[in-house]
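Okay, so here's the structure we're looking at.
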Amino acid sequence: SVDPPAPWPAMSGSLVGYAAVGIAVLGFGSNFIPVKKFDIGDGVFYQWVMCVGIWLTGLVVAVCYGCPAVPHPAAVMSGGALWCLGNVMCPVIIQKIGLALGMAFWCGTNMV
32 SVDPPAPWPA MSGSLVGYAA VGIAVLGFGS NFIPVKKFDI GDGVFYQWVM CVGIWLTGLV
92 VAVCYGCPAV PHPAAVMSGG ALWCLGNVMC PVIIQKIGLA LGMAFWCGTN MV
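All letters in the sequence shown, in the order written, are residues 32 to 143 by the numbering used here.
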(Lines of atoms letter the chains of each structure in order from A; the text may use other names.)
(Lines give C-alpha, C1' and ligand atoms only; values in the text may rest on other atoms or scores of the structure.)
Protein backbone atom coordinates (compact mmCIF):
# COMPACT_ATOMS: atom_id res chain seq x y z
CA SER A 32 0.00 0.00 0.00
CA VAL A 33 1.34 3.38 -1.00
CA ASP A 34 0.54 6.28 1.27
CA PRO A 35 -0.41 9.45 -0.57
CA PRO A 36 1.92 12.41 -0.33
CA ALA A 37 0.97 15.07 2.16
CA PRO A 38 0.85 18.33 0.18
CA TRP A 39 -0.73 20.17 3.10
CA PRO A 40 0.51 18.50 6.28
CA ALA A 41 -1.32 21.00 8.49
CA MET A 42 -4.73 20.03 7.05
CA SER A 43 -6.61 17.14 8.57
CA GLY A 44 -7.47 14.09 6.48
CA SER A 45 -11.19 14.80 6.83
CA LEU A 46 -10.87 18.32 5.49
CA VAL A 47 -8.90 17.13 2.47
CA GLY A 48 -11.49 14.40 1.89
CA TYR A 49 -14.42 16.83 2.03
CA ALA A 50 -12.60 19.21 -0.33
CA ALA A 51 -12.02 16.36 -2.79
CA VAL A 52 -15.68 15.34 -2.61
CA GLY A 53 -16.75 18.94 -3.25
CA ILE A 54 -14.55 19.14 -6.34
CA ALA A 55 -15.88 15.78 -7.55
CA VAL A 56 -19.50 16.89 -7.06
CA LEU A 57 -18.91 19.98 -9.18
CA GLY A 58 -16.87 18.20 -11.85
CA PHE A 59 -18.65 14.87 -12.30
CA GLY A 60 -21.23 15.06 -15.03
CA SER A 61 -20.53 18.68 -15.92
CA ASN A 62 -18.20 17.44 -18.65
CA PHE A 63 -21.26 16.40 -20.67
CA ILE A 64 -22.92 19.84 -20.69
CA PRO A 65 -21.18 20.89 -23.96
CA VAL A 66 -22.58 17.73 -25.58
CA LYS A 67 -26.11 19.03 -25.11
CA LYS A 68 -25.44 22.64 -26.09
CA PHE A 69 -23.20 22.24 -29.18
CA ASP A 70 -23.19 20.04 -32.23
CA ILE A 71 -20.49 17.44 -31.60
CA GLY A 72 -20.80 15.45 -34.82
CA ASP A 73 -20.12 11.79 -34.10
CA GLY A 74 -18.54 12.52 -30.69
CA VAL A 75 -15.14 10.95 -31.42
CA PHE A 76 -13.14 14.20 -31.07
CA TYR A 77 -15.07 15.10 -27.90
CA GLN A 78 -14.31 11.67 -26.46
CA TRP A 79 -10.65 11.89 -27.45
CA VAL A 80 -10.21 15.29 -25.76
CA MET A 81 -11.92 14.01 -22.61
CA CYS A 82 -9.77 10.86 -22.52
CA VAL A 83 -6.57 12.88 -22.96
CA GLY A 84 -7.62 15.11 -20.06
CA ILE A 85 -8.30 12.11 -17.86
CA TRP A 86 -5.01 10.49 -18.89
CA LEU A 87 -3.03 13.64 -18.08
CA THR A 88 -4.71 13.84 -14.68
CA GLY A 89 -3.85 10.20 -14.03
CA LEU A 90 -0.26 10.82 -15.13
CA VAL A 91 0.11 13.71 -12.68
CA VAL A 92 -1.34 11.61 -9.85
CA ALA A 93 0.94 8.66 -10.73
CA VAL A 94 4.00 10.92 -10.69
CA CYS A 95 2.92 12.39 -7.35
CA TYR A 96 2.67 8.86 -5.93
CA GLY A 97 6.10 7.95 -7.29
CA CYS A 98 4.84 5.88 -10.27
CA PRO A 99 3.73 2.75 -8.36
CA ALA A 100 3.61 -0.56 -10.23
CA VAL A 101 0.23 -1.70 -11.53
CA PRO A 102 -0.57 -5.15 -10.07
CA HIS A 103 -2.72 -6.46 -12.96
CA PRO A 104 -2.05 -4.44 -16.14
CA ALA A 105 -4.28 -6.61 -18.36
CA ALA A 106 -7.27 -6.09 -16.07
CA VAL A 107 -6.60 -2.37 -15.93
CA MET A 108 -6.35 -2.10 -19.72
CA SER A 109 -9.53 -4.13 -20.33
CA GLY A 110 -11.42 -2.01 -17.81
CA GLY A 111 -10.20 1.13 -19.55
CA ALA A 112 -11.24 -0.25 -22.93
CA LEU A 113 -14.75 -1.01 -21.65
CA TRP A 114 -15.01 2.46 -20.10
CA CYS A 115 -13.85 4.01 -23.38
CA LEU A 116 -16.45 2.06 -25.35
CA GLY A 117 -19.20 3.30 -23.05
CA ASN A 118 -17.78 6.81 -23.19
CA VAL A 119 -17.94 6.82 -27.01
CA MET A 120 -21.66 6.06 -26.80
CA CYS A 121 -22.46 8.65 -24.13
CA PRO A 122 -22.46 11.79 -26.36
CA VAL A 123 -24.72 10.07 -28.89
CA ILE A 124 -27.12 8.92 -26.16
CA ILE A 125 -27.20 12.40 -24.58
CA GLN A 126 -27.97 13.98 -27.98
CA LYS A 127 -30.84 11.51 -28.54
CA ILE A 128 -32.56 11.16 -25.14
CA GLY A 129 -31.30 14.16 -23.15
CA LEU A 130 -28.75 14.93 -20.48
CA ALA A 131 -30.69 13.79 -17.39
CA LEU A 132 -31.85 10.47 -18.79
CA GLY A 133 -28.50 9.90 -20.53
CA MET A 134 -26.57 10.44 -17.30
CA ALA A 135 -29.00 8.21 -15.39
CA PHE A 136 -28.40 5.47 -17.98
CA TRP A 137 -24.61 5.99 -17.86
CA CYS A 138 -24.45 5.93 -14.06
CA GLY A 139 -26.84 2.97 -13.81
CA THR A 140 -24.74 0.86 -16.15
CA ASN A 141 -21.58 1.88 -14.27
CA MET A 142 -23.06 0.44 -11.08
CA VAL A 143 -23.67 -2.90 -12.78
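Idealized CB from N, CA, C, for every residue including glycine. Source: prediction; values computed, not measured.
Quick check on DSSP: helix, strand or coil for residue i?
i: A100; result: coil
i: V143; result: coil
i: I71; result: coil
i: F59; result: coil
i: G84; result: helix
i: G44; result: helix
Using C-beta distances below 6 Å, list every residue in its chain close to residue i, excluding the 5 sequence neighbours before and after it, in chain order.
i: G133; result: I124, I125
Quick one: using the 10 Å Cβ neighbour count with 16 as the cut-off for buried, is residue i buried or exposed?
i: Y96; result: exposed
i: V66; result: buried
i: G89; result: exposed
i: P122; result: buried
i: G110; result: exposed
Leaving aside the five residues before and after residue i along the sequence, list all residues of the same chain whose C-beta is less than 8 Å from its C-beta, in chain order.
i: G129; result: K67
Given 8 Å, three or more beta-carbon pairs between the stretch 70-84 and the stretch 109-120 | The stretch 70-84 and the stretch 109-120 touch, with no fewer than 3 CB-CB distances between them shorter than 8 Å.
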